[in-house]
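Asks: The listed protein sequences derive, respectively, from chains Z and B.
Mind the numbering: the first sequence is residues 1 to 375 in the working numbering, read in order.
Mind the numbering: the second sequence is residues 1 to 375 in the working numbering, read in order.
What follows is a single structure, and I will ask about it in a moment.
2 protein chains.
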Amino acid sequence: MKITGFTCWLVETEPGPQFFWRRGLAGSHGDVAPGTRPRKAVIRMDTDAGIHGAMELVRGASAIDLIARRYHALIGENPLMTERLWKLIWEIDRVEEIHMRSLGILDVLCWDVKSKAANLPVYQLLGGNDPKVPAYASTVTWPTLDDYERHIKLCMDVGFTAFKLHAWGDVKRDIELSAALRKWTGPDADLMFDGSAGWDYVDALKVGVALQDLGFSWYEEPMREFHLGSYAKLCEKLTIPVLAAETSDGVHWNMASWIEAGALDMTRVSAFYKGGFTGAMKIAHMSESFGMRAQVHGMSLENAQLCAAISNNDYYEQLVVDERQIRNLTSLGPLAIEDGYLNVSSEPGVGYNYDWAGLDRSACAKVEVTRRHNN
Amino acid sequence: MKITGFTCWLVETEPGPQFFWRRGLAGSHGDVAPGTRPRKAVIRMDTDAGIHGAMELVRGASAIDLIARRYHALIGENPLMTERLWKLIWEIDRVEEIHMRSLGILDVLCWDVKSKAANLPVYQLLGGNDPKVPAYASTVTWPTLDDYERHIKLCMDVGFTAFKLHAWGDVKRDIELSAALRKWTGPDADLMFDGSAGWDYVDALKVGVALQDLGFSWYEEPMREFHLGSYAKLCEKLTIPVLAAETSDGVHWNMASWIEAGALDMTRVSAFYKGGFTGAMKIAHMSESFGMRAQVHGMSLENAQLCAAISNNDYYEQLVVDERQIRNLTSLGPLAIEDGYLNVSSEPGVGYNYDWAGLDRSACAKVEVTRRHNN
Chain Z
1 MKITGFTCWL VETEPGPQFF WRRGLAGSHG DVAPGTRPRK AVIRMDTDAG IHGAMELVRG
61 ASAIDLIARR YHALIGENPL MTERLWKLIW EIDRVEEIHM RSLGILDVLC WDVKSKAANL
121 PVYQLLGGND PKVPAYASTV TWPTLDDYER HIKLCMDVGF TAFKLHAWGD VKRDIELSAA
181 LRKWTGPDAD LMFDGSAGWD YVDALKVGVA LQDLGFSWYE EPMREFHLGS YAKLCEKLTI
241 PVLAAETSDG VHWNMASWIE AGALDMTRVS AFYKGGFTGA MKIAHMSESF GMRAQVHGMS
301 LENAQLCAAI SNNDYYEQLV VDERQIRNLT SLGPLAIEDG YLNVSSEPGV GYNYDWAGLD
361 RSACAKVEVT RRHNN
Chain B
1 MKITGFTCWL VETEPGPQFF WRRGLAGSHG DVAPGTRPRK AVIRMDTDAG IHGAMELVRG
61 ASAIDLIARR YHALIGENPL MTERLWKLIW EIDRVEEIHM RSLGILDVLC WDVKSKAANL
121 PVYQLLGGND PKVPAYASTV TWPTLDDYER HIKLCMDVGF TAFKLHAWGD VKRDIELSAA
181 LRKWTGPDAD LMFDGSAGWD YVDALKVGVA LQDLGFSWYE EPMREFHLGS YAKLCEKLTI
241 PVLAAETSDG VHWNMASWIE AGALDMTRVS AFYKGGFTGA MKIAHMSESF GMRAQVHGMS
301 LENAQLCAAI SNNDYYEQLV VDERQIRNLT SLGPLAIEDG YLNVSSEPGV GYNYDWAGLD
361 RSACAKVEVT RRHNN
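This is the structure:
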């Protein structure tokens, strides 16, 4: 099989419900000026076998710029040879410095094709553990304790038994909120805390001690994920598992450095920050080899497949935003959450389907790459 | 002083002379399809004091997309408060994952303004060591040994006494080339080798042993710069200084991890991969504190100022491409190389000057950001 071309559409989307993160960080609409709309990239890869791969990603302009300039070099390659192609992407990365979000585009497209060609779900090609995955309710940052209580109780009503806080980034208030969450959910609920890199080691330790006293299950990214020594100190001091390396560059090589430094107790994997399925699987397997869980980060069709593929992940992460969105979680099609579980699709392919002619009509821009050149 | 707005122009440029890197990597024109031209971004920041900052960067589309979506949040900030602004950029990075090349845009613009406001050169604001900086001839990858010999001898004729190889990525041939370079340049020439991340530890060690026997001054980036353990082993085995961490993400925090891991003997700094002047200076000072030189990477007006600012750097890096380009190195204005030296400009400002009305006429796209919003 051979790759014959790539087509990209830059598409305006409806902004979802607005929400916020901790103090200092922009919220969900922080890069959407009044009167404008977010733009995603829809990407299609064609092959000479008549099978195509498809995927999409947010903030699409830079991904399309990358594909327009660099992906010509992949025309003619066999899309089923994902290991070889993953290495070729790293060679492009060496001269281009590919944005973390774009590193896995080719890999996702190829696994989509491979899954369709094999007529087997992606998660079974990658491994295959269990398509029924418990989901945790991952909060946004609401203004008050009462807001958290109301939303958490609604999440319990719709079936969630595990919860992760994105809090305010204020040591004292965040500890109060964590204690309140334990009270609302009872002693058996699985609770997690995500610091969104708001602190340095000193404040991170204070919050970590409080969380382990409250019996939380993991403590995620309290600091920026670049200085391993700060994380190693934290791991040494705390008994609560420290989860990290969601946002650091370098996929499995970088993760090996974290493990070697004793800088985390659980690793973070995702298809979108770790070079697609191939990078995520390398991290998942290495983590297991070192006795660690590889907790899958974030939503998406790709990460759902990843959750069903591997055995050392606990949950699928489901962001909970507001009452209406929480009540509609059962209506998300292949990503619906029912009674606290995601039932991962066993259809072949990653699951992105588009009306291609409709995209041609509605896109702000379209780019096609069909010819390799030797410049 | 307050930032009042940003203006970006996407501008087509003439491709420079074509050249190549080691096997596996795309060459200089690898992302320039026949019939197209490279596009750079020219960026201007205005202030209420009537002073503007300006800079440019290659592959400009994604930088402009970033500024169009995110830089509104910086309107109204004081451009002289570069430490505060650098922290704000990291907060944007946490939700955006800013491309490494774009991380320092705001910082360079602000130091340009600060330098003009103070009527002092940037390098004196940053520190100030010596504006006369020895340059080394940093080769591209030529096809044959004879090609290298011819170009190296021409470099010696025009005054270079220090040379760095970008070779073929072939262990045996690269060692032969390194031995030949020593022969051509004599026992006293300062020689360096850049592996452009072509090898794993096993091959990297073989080449390193050969280079130290030939008396090379540093051994740069033989492997991808993500797994610190491989570099730590290499440093332990070799007496030739290992230079690394040019391309790894996380600026000073990441560099602290490299130092802590014993994974390099010299650090790599630049304005364009390390978050502008502020990030580069943090790395330079930390390196000195740990007894290390911080070797400045790459060309540009920014990196010239950096070379003149700090005391623990040896050279300015000058790429040498072909005979015509080498003979014209004296004609590069503020970046001219004369008798093997760069005389860094002592004019206030980084040194980017444009015909703004001309840009308005010739640009493929123009974006203006003048209003902060609270979305």
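For each residue, glycine too, the CB sits at the ideal point set by N, CA and C.
Please read all numbers here as calculations on a predicted model, not as lab measurements.
Among B:Ser-248, B:Gly-262 and B:Leu-120, which one has its Cα closest to the Cα of Leu-234 of chain B?
Replies: Among B:Ser-248, B:Gly-262 and B:Leu-120, the Cα nearest to that of Leu-234 of chain B is on B:Gly-262.
Asks: Could you work out which residues of chain B lie near Val-207 of chain Z, taking near to mean beta carbons separated by less than 8 Å?
Replies: By Cβ distance, chain B contributes nothing, its closest Cβ being about 17 Å from Val-207 of chain Z, past 8 Å.
Asks: Step through the CB atoms of chain Z and report whether any lies within less than 7 Å of the CB of His-151 of chain B.
Replies: Judged by the 7 Å Cβ criterion, His-151 of chain B is not in contact with chain Z.
Asks: In its own chain, which residues sit with a C-beta less than 6 Å from the C-beta of Ser-311 of chain B, not counting the 5 before and 5 after it?
Replies: Once the five neighbours on either side are set aside, the close Cβ partners of Ser-311 of chain B are Asn-129.
Asks: What did DSSP end up calling Gln-318 of chain B once you bin it into helix, strand or coil?
Replies: Gln-318 of chain B falls in the strand class under three-state DSSP.
Asks: Can you name, in chain order, every residue of its own chain whose Cβ lies under 8 Å from the Cβ of Ser-115 of chain Z, other than the five neighbours on each side?
Replies: For Ser-115 of chain Z, where only same-chain residues beyond five positions count, the Cβ hits under 8 Å are Pro-121, Val-122, Leu-125, Pro-348, Gly-349 and Val-350.
Asks: Based on the DSSP output, what are the partners of Asn-343 of chain B in its beta bridges?
Replies: Paired residue(s): B:Lys-132.
Asks: Taking only beta-carbon atoms, is Cys-34 of chain Z less than 7 Å away from chain B?
Replies: A small correction: the amino acid at residue 34 of chain Z is Pro; Cys does not occupy that position in the sequence shown. Yes, its Cβ sits closer than 7 Å to a Cβ of chain B.
Asks: Is the segment 133–140 of chain Z touching the segment 161–179 of chain Z in the sense that three or more CB pairs, one from each, lie closer than 8 Å?
Replies: Segments in contact, yes.
Asks: Consider the Cβ of Gly-24 of chain Z: report whether some Cβ of chain B lies at a distance smaller than 7 Å.
Replies: Yes, Gly-24 of chain Z counts as interfacial toward chain B.
Asks: If you draw a straight line from the alpha carbon of Ile-75 of chain B to that of Phe-19 of chain Z, how long is it in whole angstroms?
Replies: Roughly 22 Å separates the two Cα atoms.
Asks: Look at the alpha carbon of Arg-372 of chain B and the alpha carbon of Leu-342 of chain B, and state the distance between them as a whole number of angstroms.
Replies: If I take the Cα positions, the gap works out to 41 Å.
Asks: Below 8 Å on C-beta distance, what does Glu-91 of chain Z contact in chain B?
Replies: Neighbours of Glu-91 of chain Z on chain B, chain order: Gly-24, Leu-25 and Ala-26.
Asks: Suppose you measure from the CA of Val-11 of chain B to the CA of Trp-86 of chain Z; what does that come to, to the nearest Å?
Replies: If you take the alpha carbons of Val-11 of chain B and Trp-86 of chain Z, they lie about 32 Å apart.
Asks: Using a beta-carbon distance below 7 Å, is Leu-319 of chain Z in contact with chain B?
Replies: By this cut-off, Leu-319 of chain Z is not an interface position.
Asks: Buried or exposed: which applies to Thr-370 of chain B, given that a residue is buried once 16 or more other Cβ atoms fall within 10 Å of its Cβ?
Replies: With fewer than 16 other Cβ atoms within 10 Å, it is exposed.
Asks: Looking only at its chain, what residues have a beta carbon closer than 8 Å to the beta carbon of Ile-283 of chain Z, apart from the 5 residues adjacent to it on each side?
Replies: Val-251, His-252, Met-255, Thr-267, Val-269, Lys-274 and Ala-294.
Asks: Nearest chain Z C-beta to His-297 of chain B closer than 7 Å, yes or no?
Replies: So, not an interface residue.
Asks: Ignoring anything shorter than 4 residues, give me the alpha helix (DSSP H) runs that lie fully in the segment 17–72 of chain B, in order along the chain.
Replies: Runs found: 61–70.
Asks: Three Cβ pairs or more, each shorter than 8 Å: is that satisfied between the segment 34–41 of chain Z and the segment 317–334 of chain Z?
Replies: Too few Cβ pairs lie closer than 8 Å, so no.
Asks: Let's see if you can read the secondary structure: which residues bound the alpha helix (DSSP H) around Phe-160 of chain B?
Replies: That residue, Phe-160 of chain B, is in no alpha helix (DSSP H); it is neither H nor E in DSSP.
Asks: In whole angstroms, what separates the C-alpha of Met-286 of chain B from that of Trp-199 of chain Z?
Replies: Going by the C-alpha atoms only, they are around 21 Å apart.
Asks: Are three or more beta carbon pairs between the segment 214–230 of chain B and the segment 241–251 of chain Z nearer than 8 Å?
Replies: Yes, since at least three Cβ pairs between the segment 214–230 of chain B and the segment 241–251 of chain Z fall closer than 8 Å, the two stretches touch.
Asks: Chain C beta carbons: is any one of them nearer than 7 Å to that of Ala-256 of chain B?
Replies: Of the chains in the structure shown, none is chain C; the protein chains are Z and B.
Asks: Would you list, in chain order, the members of the segment 68–98 of chain B that have their beta-carbon closer than 8 Å to a beta-carbon of chain Z?
Replies: Taking 8 Å as the Cβ-Cβ cut-off against chain Z, the residues of the segment 68–98 of chain B that qualify are Arg-69, Arg-70, His-72, Ala-73, Trp-90, Glu-91, Ile-92, Arg-94, Val-95, Glu-96 and Glu-97.
Asks: Take the Cβ of Asn-328 of chain B as the centre, count every other Cβ of all protein chains shown within 10 Å, and call the residue buried at 16 or more, exposed below.
Replies: Exposed is the call here.
Asks: Counting Cβ pairs closer than 8 Å, one from the segment 67–81 of chain Z and one from the segment 354–371 of chain Z, do we hit at least three?
Replies: The segment 67–81 of chain Z is in contact with the segment 354–371 of chain Z.
Asks: With distances taken from CA atoms, which of Z:Asp-194, Z:Ser-300, Z:Ser-362 and Z:Gln-325 is nearest His-151 of chain Z?
Replies: When each option's Cα is compared against that of His-151 of chain Z, the closest is Z:Gln-325.
Asks: For Lys-366 of chain Z, name the three-state secondary structure that DSSP assigns.
Replies: In this structure, Lys-366 of chain Z counts as strand in the three-state DSSP scheme.
Asks: In terms of residues, what are the limits of the beta strand (DSSP E) holding Leu-205 of chain B?
Replies: Leu-205 of chain B -> not in any beta strand (DSSP E); alpha helix (DSSP H) instead, spanning 201–213.
Asks: Give the residues of chain B in contact with Met-281 of chain Z, contact being defined as C-beta atoms less than 7 Å apart.
Replies: Simply none; closest approach about 17 Å.
Asks: Taking the CB atoms as reference points, tell me whether Leu-214 of chain Z and Arg-182 of chain Z lie closer together than 7 Å.
Replies: Cβ distance < 7 Å, so Leu-214 of chain Z and Arg-182 of chain Z count as in contact.
Asks: Establish whether the CB of Ala-271 of chain Z and some CB of chain B are separated by less than 7 Å.
Replies: Not one chain B Cβ lies under 7 Å of Ala-271 of chain Z.
Asks: Distance cutoff 7 Å, beta carbons only. Does Asp-249 of chain B sit that close to anything in chain Z?
Replies: It does: the Cβ of Asp-249 of chain B has a partner Cβ on chain Z nearer than 7 Å.
Asks: Could you name the residues of chain Z that His-285 of chain B contacts, counting a contact when the two beta carbons are closer than 9 Å?
Replies: Correct list: empty, because the minimum Cβ distance to chain Z is about 16 Å.
Asks: So what does DSSP say about Gly-333 of chain Z, is it helix, strand or coil?
Replies: Looking at Gly-333 of chain Z - three-state DSSP - the assignment turns out to be helix.
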